[in-house]
Every structure is written in C-alpha cells, then in structure tokens.
Amino acid sequence: MMYKTHLATSIALSVALVSTVSYPFTIGFLAGVSLGSLLPDIDEPNSFIGRRSFGLAVIIKRKFGHRGITHSLCMWIGLLLFLLLLVPNPFTLGISLGYFFHILGDYFSVSGVPLFSPIDNVRRKSPLTYKTSGKVETVIYYVAILISLFFILDDKMLTPFIQSVSELVTGVLSLFFQTLG
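Here this note's numbering runs 1312 ahead of the position in the sequence shown, where the first position is 1.
Here's what the structure looks like:
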C-alpha cells in the first residue's frame, strides 16, 4: 500500500472508531494517527518515512528486511504497551491506532505481512487482496477520504478538532511571545 493510502485509510478507520466511542477527535490524535500510519515502513529506505529517517531505515532494513518485524502484531503490541503506559494521551493513542491500521492495510495486499514475527516469519494475507498502486488501491484511497469527510464534518467531531487546533495555535503563539519578551 502506498503511503497516501496508508494515511487515508488509517485516518478514516480511526475517525470512524473514535466517533463510535465518543473519544475527542483532536489535532494531537490526528497527528498521532498520521505518524503511526507511516511508521511500519521505517524498514524501507525508499518509503515516504524512510527517506526522512536520516539513515535509520537503511539500518532497520539490513537487520530485519522490508515487511519484517515492523509489520508484525508483536511490534504493535510492544509499541502500544510502551506508549500508552509511558505517555497515555491522544497523540500516543493515535500512533498506536495508525500503526495497527497500517499493518491491517498491508495484510490485504498481495504480499501480506508476517503477523507474528519474530515468533513466526510466515507472511499472511487476506483471501481478498489488492495490488499495490493498482486500481483497487486507488478506489480504497478515495473511499477512505470520503469516509473521513463524512465523520469529520459531523459537528460532534469537528467542534473538538477546531477547539484543539485553536488551543495549539494559542499555545505556540504564547511561547513565541514569551521568548521575545
């Protein structure tokens, strides 16, 4: 799955999920989902996040290969426990959800993922698959955008999001003016 589809599907699934449990949709949560949706591809130097990793992706790929441990449920559970026990907040919850939805997206790809690595490196995939960069992925991308818009434009989602953006801008401006004077 291409990075933009990982972003779109992770955001769509996360927004749909938080709307059903009445969890506040904030800029921090959205940033976390976005980052988390890209993190598993830190094992590929040519990926969107890999090209911005200052060489870390090269090291990880040499050690584990692409779609290795970074695409496993074991890694996700470790990340989930580490982030949510250490710093439980909307940003870290978003990272965890984005990471999980990335793995789920690649599970439906023709290549599959090693869900239980490092315990078992067998790549597993759904009986229903898509080809990366193919027509089906393009449809998935646009449907995910529509789903995101459907949920985000609902007032119960939009209001807390706008409020969180306002608080972020106010906080940044406050820090900026404090450093000036």
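Glycine is no exception: its CB is placed at the ideal position from the N, C-alpha and C atoms.
For the pair Leu-1427 and Ser-1384, the CB atoms are nearer than the 8 Å cut-off. Between the C-alpha atoms of Thr-1332 and Thr-1482 there is a straight-line separation of about 29 Å.
Taking a contact as a CB-CB distance under 8 Å, the pair Thr-1404 and Leu-1395 counts as one, their CB atoms being some 4 Å apart. Here the alpha carbon of Phe-1360 sits roughly 20 Å from the alpha carbon of Phe-1341. Looking at the DSSP output, Arg-1436 sits in a beta bridge with Val-1425. Collapsing the DSSP output to three states places Tyr-1315 in a helix.
Excluding the 5 residues flanking it on each side, Phe-1463 has same chain C-beta neighbours closer than 6 Å at Val-1327, Ala-1328, Ser-1331 and Met-1469, in chain order.
In this structure, the alpha-carbon of Phe-1413 lies about 28 Å from that of Ser-1478. Closest in C-alpha terms to Pro-1352, from the list Ala-1324, Asp-1467, Tyr-1335 and Met-1314, comes Met-1314. Judged by their CB atoms, Arg-1436 and Tyr-1419 are nearer to each other than the 8 Å cut-off. Per the DSSP secondary-structure output, Tyr-1442 pairs in a beta bridge with Ser-1421. Distance from the Cα of Cys-1386 is smallest, within the candidate group Pro-1430, Ile-1474, Gly-1446 and Val-1434, for Pro-1430. In terms of Cβ geometry, Ser-1423 and Arg-1363 do not form a close pair [threshold 8 Å]. In the DSSP assignment, Pro-1472 falls within the unbroken alpha helix (DSSP H) covering 1467 to 1492.
Residue state for Gly-1380 is assigned as coil, using DSSP reduced to three classes. Runs of the alpha helix (DSSP H) spanning 4 or more residues and lying entirely within the segment 1342 to 1414 occur at 1368 to 1376 and 1385 to 1398, in chain order. No Cβ-Cβ contact shorter than 8 Å links Ile-1339 with Asp-1355.
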